Amino acid sequence: MERGITHEPLTESHLEQALAVAPAVIYIGTLEDGRFRPTWVSANIETILGFTREEALAEGWWLEHVHPDDVGLDWVREARSRPEGRWDGQYRFFRSDGREIWIHEQVKWEPGPDLHTTRVVGSWMDVTTSHRREMALADSEERFRQLVTHIPQVFWINAVEGGLLYVSPSYEQVWGRPAAELYERRSSWRESIHPDDRERVFCYLSSRRGAEYEVTYRIVRLNGEIRWIRDRGFPVPDSTGRIYRMAGIAEDITERVLATQRVEAAERHYRRLITTSPYAVYTMDVNGVFTELNPAAEELLGAPASVLLGRSFMEIIAPESRDVAADAFQQMLTGETDDVSVKIVVLTPAGERRVLSVAATTMRDRGVVEGIHGIARDITQEVEQDQRIRMLAEALDRLPDAVCIERDDGSILYSNEAFQELTAGRGNEQTGLQALLADDTSPRERRAVRDELIADGAWRGRTSIPRGDTMVPLEIVARRIELGRHTVTILLARDVTEQVERELQLRRTERLASLGTLVGGVAHELNNPLTAIAGFVELMLAEERSEEDRDALETLRRETQRVAKIVSDLRLLARESQDVKNRKLQAIDVNDIIRHAVRVRRYALETSNIRVNLKLEPDLPKARGVPSEIEQVVLNLIVNASHALDASDRQDKVLTIRSAATRAGVAFEVIDNGSGIPEKVIEHIFDPFFTTKSPGEGTGLGLSLVHSIISEHGGRISVNSIEGRGSAFSVLLPFSRDELDEDAAASQPAANTPTVQPLRVLIVDDEAAIRLALVRHLRRRGHTVETAEDGAAALEQIASSGFDVILSDIRMPGMSGDRLLRELRERGSEDAIRRLLFMTGDPASEAVQQGVEHAIPVLSKPFTLREITEKIEEHAASSGS
């Protein structure tokens, strides 16, 4: 015992004080008949459990406050079966305030003084806080166990100095090997690594021993399948900081690796596509600066990427496209749109202009625009081609001909305005070529046209289709061609109205020419006897005759004149256009001629109840022509219109004549609202002897004569008629020329007073009757007359005698009059030529023209004795006889 320290004896008081601050409640009690009864409890029960000693010593108190679910989990049952023993356990208990706590109870029991009593000593300690920590730890460990058991990754723990401590069940699924094998034989993990990766992996792990690491490698499953693994390890230190374990996670990243490989392959693929693309591909930042260009972009922009990268795209935009390009760029930057398609013009460094079609898209990162990428295509040639196509289409639209491109299915690929106007109102049943065929074309004929077009690749023909109230004649040319991958038919339709009219006129002219040859001969043969008959009638009328004889002779003279008029009309109809030169062309006032013709026909018009409406243009320029012949034209047209009006049932019959100046000449129209002319008749309306009148009512020469006169004047005449509504005859005459007017005036012969002194006259004609009539008449006038029956006889007489006038027929057997002229010229007989005077029954012959050219006057048969006498005496005076 140490000096200075005194010891008091341990009393119950001392024990009470010590237990009062103990962490556990100490109790003493007995177990009698299987029931526990505490006899003493330490004072700290009130602090720890919240009960007083008195409450704790009450019978049944302890059992009342044990949690119902934990009753029976105590030492009492064991003490009943064993006389001596210990018990250590935990259960739930309710404090005096009702709060549930965890009690840690330790008990020792031993036999008591008698057989029915067992002495008990124990403690109650509140372990709620530690229990909860243990429970939380247990829960955490359970959650961890659940986690590593169910996660697809493989969780593992290794001892640094030793083998495998733990591997999660996922190992078997990922590695395709049993985990037991790994615990038993660690080398199995090494063997699972792909041979090509094994050395690399172990070298790396050796270099990272005891340190954190991450490695990717391939494994080979037992079935031969190869998988990619990413393995991460972490060092685990003990309480001293020494690394004594390694923990890690290994995961199967095969799908990720394959996806990455696919992405990389796709990137390489698309990179190759972009590199080899014929289109320009580019990217630029939000400032419009180029950041990437493919080779096609370099070629398109005319500069290498080293020159273009880092430059703004606006530097290459042509001035006319800058606003468009800037607006599109701004719309994408502001988010107004993510995609734009524009057409812009760029300038290459060499100054070349190129038209581009650009499609651009924004590049976004988390919704924020970080740049723009796009594709550009050079459409310069396309634009130029489009311009050429538009120019061609515009040119085709301006064509008067109808043009159409038709597909094989009948749909129209293109048609110009003329085609659309031509086929307007034709309906939708027929298109293209079928729409141009006449309405009365049968299905069989239409198929034949189509078959010929397909077989020969071309078709040509004429047809006519309605336009308004008239039929339009068309000439159609169709040709099949290859256009890209399709076969199309190109159609060209031309309105040949004028051509048809010219052809009709040509046929008329040819008929007239043929007729002229016939009429020339007929007129000559008729005019000779008519001249003789007329001459003898005049001679007989000049003698004393009875009234009855004179009436008969007058009748004979009138009929002779009637026949002469018919022959004259035939002669006018048959003469050639050059015959106009023989007539006196002068400036004529068409308005005056029209007014005079209307005055001549006014009585006949009024008696037929025909109202005349004149619409004559004031100050109408002069036309060129022969006044009498143009008046004949107007009169014939008025008479023709009058007959049409007489044949109609109209109450209000109107004849309208109007005149106007056009660019081509002076025009006038004679219009009636009569019955009109049938279409089949119009084609023959100007043919000689063609008439729709009853026999005896017309000769069919009126309109034919009109056509002949207008043609000879260098003009044109046409007719437009609608059945039931009337007809319009349009005439166009050339303008007058001053020089022609002057020539016409200069060609007027000076007025001469016919001589009445006796003349020596030679009459040369193969017709004895004409010679006889002229001889009798001229001798009565006091002239000396000799005759010859042809030119040869005349030459002999001219050579032996001088004549004041030589009157010669032109057409004669043997030597004709024109040959007589040639002989005189060859002989130098100018005096005889000057005294020569021709007469002819065929004024349209070339011989007449020859005489005119040599200033030989020509007198047409038949003529009156007075006319021939005046002509002979006038000619004698002018030739100096």
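Residues 404 to 1284 (our numbering) make up the sequence shown, in order.
Yeah, the Cβ is synthetic: ideal placement off N, Cα and C, and Gly gets one too.
Nothing here was measured: the structure is a model prediction, and the numbers come from that model.
Note down, one range per segment and in chain order, each beta strand (DSSP E) of at least 3 residues found wholly within the segment 1173–1250. 1187–1191, 1208–1212, 1239–1243
Where A798 falls, given that 16 or more other Cβ within 10 Å makes a residue buried: Within the sequence shown, the letter at position 395 stands for residue 798. With fewer than 16 other Cβ atoms within 10 Å, it is exposed.
Would you mind sorting P426 into buried or exposed? The rule is 16 or more other CB atoms within 10 Å of its CB. For the purposes of this step, residue 426 is taken as the residue at position 23 of the sequence shown. So P426 ends up on the exposed side.
Within the 7 Å Cβ cut-off, does A1176 reach chain C? No chain C is present in this structure, which holds just one protein chain.
Can Q509 and D529 be called in contact, C-beta distance under 7 Å? Taking the first residue of the sequence shown as 1, we reach residue 509 at position 106. Taking the first residue of the sequence shown as 1, we reach residue 529 at position 126. Against a cut-off of 7 Å, the Cβ pair of D529 and Q509 comes out as no contact.
Start-end ranges of the alpha helix (DSSP H) lying completely within the segment 843–899, minimum 4 residues: 846–859
T450: first and last residue of the uninterrupted alpha helix (DSSP H) it sits in: Position 47 of the sequence shown, counting from 1, holds the residue named residue 450. Per DSSP, T450 belongs to the alpha helix (DSSP H) from 448–451.
According to the neighbour-count rule (16 or more other Cβ atoms, all chains shown, within 10 Å of its Cβ), is W862 buried or exposed? As a working mapping, residue 862 is identified with position 459 in the sequence shown. The residue is buried, with at least 16 neighbouring Cβ atoms inside 10 Å.
Any contact between the segment 957–966 and the segment 1029–1049? By contact I mean 3 or more CB pairs, one from each, below 8 Å. no
Beta-bridge partners of S1062, as assigned by DSSP: Here residue 1062 refers to the residue found at position 659 when the sequence shown is read from its first residue. Looking at the DSSP assignment, S1062 forms a beta bridge with F1071.
Check whether the segment 427–439 touches the segment 519–537, taking contact to mean three or more Cβ pairs, one atom from each stretch, closer than 8 Å. yes
Would you mind reading off the limits of the alpha helix (DSSP H) that contains F822? For the purposes of this step, residue 822 is identified with residue 419 of the sequence shown, where counting begins at 1. Looking at the DSSP string, the run of the alpha helix (DSSP H) that includes F822 is 820–826.
Suppose you measure from the CA of D742 to the CA of T765; what does that come to, to the nearest Å? By one-based count along the sequence shown, residue 742 stands at place 339. By one-based count along the sequence shown, residue 765 stands at place 362. Cα-Cα distance, rounded: 7 Å.
Roughly how many whole angstroms lie between the Cα atoms of D634 and W559? Looking up residue 634 in the sequence shown gives position 231. Looking up residue 559 in the sequence shown gives position 156. D634 and W559: Cα-Cα distance of roughly 10 Å.
Proximity to T890 [Cα-Cα], best of N931, D811, E824, F822: Locating residue 890 in the sequence shown gives position 487, counting from the first residue. Per the Cα distances, D811.
Close beta carbons around N561, own chain, < 7 Å, minus the five adjacent residues each side: Residue 561 sits at position 158 when you count from the first residue of the sequence shown. Cβ within range, chain order: L567, L568, R648, M649.
One question on the structure: do E1192 and A1131 come within less than 7 Å of each other, judged by their Cβ atoms? Sequence index remark: in the sequence shown, residue 1192 carries index 789 (1-based). Sequence index remark: in the sequence shown, residue 1131 carries index 728 (1-based). No, these two residues do not count as a Cβ contact at 7 Å.
So who's on the other strand from F693, going by DSSP bridges? Along the sequence shown, one-based indexing puts residue 693 at 290. For F693, which the question treats as bridged, DSSP gives the partners M687.
Spatial neighbours of L460 within its chain, please: C-beta separation below 6 Å, excluding the five flanking residues on both sides. The count along the sequence shown starts at 1 and reaches residue 460 at position 57. Closer than 6 Å at Cβ, skipping near neighbours: P441.
Give the single residue among Q823, V1057, N447, H776 whose Cα lies nearest to the Cα of D694. Here residue 694 refers to the residue found at position 291 when the sequence shown is read from its first residue. The sequence given here has Thr at residue 694, not Asp. The candidate whose alpha carbon is nearest that of T694 is H776.
Using a Cβ-Cβ cut-off of 6 Å (strictly less than) and excluding sequence neighbours within five positions of R1119, which residues of its own chain qualify? Reading the sequence shown from its first residue, position 716 is the one you call residue 1119. Excluding sequence neighbours, R1119 sits near L1135.
Terminal residues of the beta strand (DSSP E) in which Q493 lies: For the purposes of this step, residue 493 is identified with residue 90 of the sequence shown, where counting begins at 1. Here the beta strand (DSSP E) through Q493 covers 488–497.
Take R1163 and list the residues in its own chain whose beta-carbon comes closer than 6 Å to its own, dropping the five residues that flank it on each side. Here residue 1163 is taken as the residue at index 760 of the sequence shown, counted from 1. The answer, listed in chain order, is T1187, F1206, D1207.
What are the uninterrupted segments assigned as alpha helix (DSSP H) that are 4 or more residues long and contained completely in the segment 616–683, given in chain order? 657–679
Whole-angstrom distance between G871 and V899, CA atom to CA atom: Within the sequence shown, numbered from 1, the residue matching residue 899 stands at position 496. Within the sequence shown, numbered from 1, the residue matching residue 871 stands at position 468. Each residue's Cα considered, the two are about 17 Å apart.
At least three beta-carbon pairs within less than 8 Å, the segment 1014–1023 to the segment 1050–1062: yes
Would the beta-carbon of I996 fall within 7 Å of that of E957? The residue you call residue 996 lines up with position 593 of the sequence shown. The residue you call residue 957 lines up with position 554 of the sequence shown. No.
Rounded to the nearest angstrom, how far is the Cβ of R714 from that of V692, given a contact under 8 Å? Position 311 of the sequence shown, counted from the start, is the residue given in the question as residue 714. Position 289 of the sequence shown, counted from the start, is the residue given in the question as residue 692. Right, their Cβ atoms sit about 7 Å apart.
Please say whether R624 and T657 have beta carbons closer to each other than 7 Å? As a working note, residue 657 is residue 254 in the sequence shown. As a working note, residue 624 is residue 221 in the sequence shown. Contact flag unset, no.
Looking at the unbroken beta strand (DSSP E) that takes in R1119, where does it start and where does it end? Numbered from 1 along the sequence shown, position 716 holds the residue referred to as residue 1119. Run containing R1119: 1119–1125, per the beta strand (DSSP E) assignment.
Scan the segment 504–571 and note each continuous beta strand (DSSP E) run of 3 residues or more that stays entirely inside, going in chain order. 520–529, 557–562, 567–570
Taking Cβ to Cβ, would you say E941 is nearer than 7 Å to L1223? Indexing the sequence shown from 1 puts residue 941 at position 538. Indexing the sequence shown from 1 puts residue 1223 at position 820. Result no, Cβ atoms of E941 and L1223 do not sit closer than 7 Å.
Buried or exposed, going by whether 16 or more other CB atoms sit within 10 Å of the CB of K984? Translated into positions along the sequence shown, residue 984 becomes position 581. Any reading at K984 must be qualified, since the residue scores a pLDDT of 44, below 50, and its modelled position is unreliable; no value is offered.
If you drop the 5 nearest sequence neighbours on each side, which residues of the same chain put their C-beta closer than 8 Å to that of P581? As a working note, residue 581 is residue 178 in the sequence shown. The residues are E575.
So the beta strand (DSSP E) V743 belongs to, where does it begin and stop? Counted from its first residue, the sequence shown places residue 743 at position 340. From DSSP, the beta strand (DSSP E) with V743 extends over 742–750.
Three-state secondary structure assigned by DSSP to N1012: The sequence position of residue 1012 within the sequence shown is 609, counting from 1. In the structure shown, N1012 sits in coil (DSSP, three-state: anything other than H, G, I, E or B).
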